[in-house]
Amino acid sequence: MRKQALPKWWFGLTLAVLIGLIATACGPAPTPQVIKETVEVPVEVTKQVEVQVAVTATAAPVKVPKIALIMSGKRADQSWNQFMADSVQRLADEGKIEASFAEDVTPADFERVAGDYASQNYDLVIGHTSDFSEAALKVAAAYPDVKFAITGATQYLPNLAGLNNWTHNSSAVAGYLAAKLTQSGVVGIVGAFAFPTQFVAHEGFKFGVYKANQETLKANRDAKQVHCLETFTNTWFDTALGFEAAKAQMDQGADYIYITASGAGFGVIQAAEETKKARVIGSFVDMNPFAPDVVITSVERLADPPLEAMLYDIQTGRFVGKDYAFDLINGGTRLSPYHNFDTEIPQDVKDKVAKFQANIVAGKGAFIVPFVTAKLGGPTGCEAPIPAPTATP
Numbered sequence: 000m001r002k003q004a005l006p007k008w009w010f011g012l013t014l015a016v017l018i019g020l021i022a023t024a025c026g027p028a029p030t031p032q033v034i035k036e037t038v039e040v041p042v043e044v045t046k047q048v049e050v051q052v053a054v055t056a057t058a059a060p061v062k063v064p065k066i067a068l069i070m071s072g073k074r075a076d077q078s079w080n081q082f083m084a085d086s087v088q089r090l091a092d093e094g095k096i097e098a099s100f101a102e103d104v105t106p107a108d109f110e111r112v113a114g115d116y117a118s119q120n121y122d123l124v125i126g127h128t129s130d131f132s133e134a135a136l137k138v139a140a141a142y143p144d145v146k147f148a149i150t151g152a153t154q155y156l157p158n159l160a161g162l163n164n165w166t167h168n169s170s171a172v173a174g175y176l177a178a179k180l181t182q183s184g185v186v187g188i189v190g191a192f193a194f195p196t197q198f199v200a201h202e203g204f205k206f207g208v209y210k211a212n213q214e215t216l217k218a219n220r221d222a223k224q225v226h227c228l229e230t231f232t233n234t235w236f237d238t239a240l241g242f243e244a245a246k247a248q249m250d251q252g253a254d255y256i257y258i259t260a261s262g263a264g265f266g267v268i269q270a271a272e273e274t275k276k277a278r279v280i281g282s283f284v285d286m287n288p289f290a291p292d293v294v295i296t297s298v299e300r301l302a303d304p305p306l307e308a309m310l311y312d313i314q315t316g317r318f319v320g321k322d323y324a325f326d327l328i329n330g331g332t333r334l335s336p337y338h339n340f341d342t343e344i345p346q347d348v349k350d351k352v353a354k355f356q357a358n359i360v361a362g363k364g365a366f367i368v369p370f371v372t373a374k375l376g377g378p379t380g381c382e383a384p385i386p387a388p389t390a391t392p
């Protein structure tokens, strides 16, 4: 079979195509088209940062001491019990203690009541009268890990202390004031029982009168001295006996009377109000609000200082059986304000009284008040020796 030859135009077309392909392959590359597009891509970034953090450790709760006050009478008696109850309550109000109060407890029942508090892990149990002393020795021995204190105590144990309010210094200031104000030249003292805390107050008062007499005689050796009267009623609570004692002293000329008993003292105030013959210097608390027309001032007792000292010793393990005493010098006693009598008392008298007290607090030799726990001068212990006459040139 004979092959048919390709036409000439075919060769021309083929050659043209080949030349075009070669030209395309060897020519410059085409310019690319740039398309801009924003694409959001989530990226997780980790960064290490140092941060200072203040960390406060939680402190362990502070144990608040628990104190029980056991009284032989009413807490709000405006007298003996109230001054101690007020001191304990002030510490409680300041958040320093938890307080509990027991009223009208007899000496025969003290051991049971104190034992109940001790069994409840009270830190300090206070018996507010020396009448509790014997029972306190027993209950303190039975509860050696509990601390006890008795007002007026004279016998101690390692866990039984005294809480004594010595008023000799403040009583001296009261006596000095009475001697400066008396118009009759006679002042009086009405107390309860003849025992140490009473003697301390009475003899302190007499010392104040004595110092006033000394000043008077120094100015005029022929001047009349102030005389002191003294009565022990042998009762804390019998108002009638206090009333009669005061009237008897007024009949002898007393126009200022210092009371050192509680219930009997209210009898003195009653007598002064009824007779209008005398002014009264109160005790224990500021008694002026009770009888503003007759109570010129009072020898207040503040148990805050010895209680705080006792608490400190308990918390630091230093508590011992001793006398935690309080008086004028350590802030445990003071004279109340003169209240409505302030304008009546001459300014020079107030100035002299303030100076006299300052000398006592400073411990100046001639003003150191005798600490007398037994009868010393008697009713006439206020008189100072008459100085020798001045030699005539």
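With numbering that gives the first Met the number 0, the residue at position 367 of the sequence shown is 366, and numbering never jumps. Quick reminder that beta carbons are idealized off the backbone N, C-alpha and C, glycines included.
{"query": "Span of the alpha helix (DSSP H) holding Gly-364?", "result": "No alpha helix (DSSP H) holds Gly-364; DSSP gives it neither H nor E."}
{"query": "Say whether the segment 225 to 243 touches the segment 293 to 301, bearing in mind that this needs 3 or more beta-carbon pairs closer than 8 Å, one atom from each stretch.", "result": "no"}
{"query": "Identify every residue that forms a DSSP beta bridge with Phe-318.", "result": "For Phe-318, which the question treats as bridged, DSSP gives no partner whatsoever."}
{"query": "Output the boundary residues of the alpha helix (DSSP H) element that contains Ser-86.", "result": "79 to 92"}
{"query": "Take Val-172 as the anchor and find which of Glu-299, Lys-276, Leu-136 and Lys-246 has the nearest alpha-carbon.", "result": "Glu-299"}
{"query": "For a quick check, are the C-beta atoms of Thr-181 and Met-83 less than 8 Å apart?", "result": "no"}
{"query": "If you follow the beta strand (DSSP E) that Ile-66 is part of, which residue opens it and which one closes it?", "result": "65 to 69"}
{"query": "For Glu-97, write down the residues that DSSP places opposite it in a beta bridge.", "result": "Lys-65"}
{"query": "Fully enclosed by the segment 249 to 277, which beta strand (DSSP E) runs are 3 residues long or longer?", "result": "255 to 258"}
{"query": "Mind checking if Val-186 is an interface residue toward chain C, Cβ cutoff 8 Å exclusive?", "result": "You won't find chain C in this structure, because it holds only one protein chain."}
{"query": "According to DSSP, simplified to helix, strand and coil, what is Ala-236?", "result": "Note that residue 236 is Phe in the sequence shown, not Ala. The answer is coil: DSSP assigns Phe-236 none of H, G, I, E or B."}
{"query": "Can we say the segment 187 to 205 touches the segment 230 to 249, given the rule of at least three CB pairs closer than 8 Å?", "result": "yes"}
{"query": "Could you tell me the distance, in whole angstroms, from the CA atom of Ala-117 to the CA atom of Thr-153?", "result": "22 Å"}
{"query": "Quick one: Cα of Pro-388 to Cα of Arg-220, how far?", "result": "8 Å"}
{"query": "Excluding the 5 residues preceding and the 5 following Pro-106 in the sequence, name in chain order all residues of the same chain whose CB lies nearer than 7 Å to its CB.", "result": "Asp-130, Phe-131 and Ala-134"}
{"query": "Hey, how far is the Cα of Thr-215 from the Cα of Ala-270?", "result": "30 Å"}
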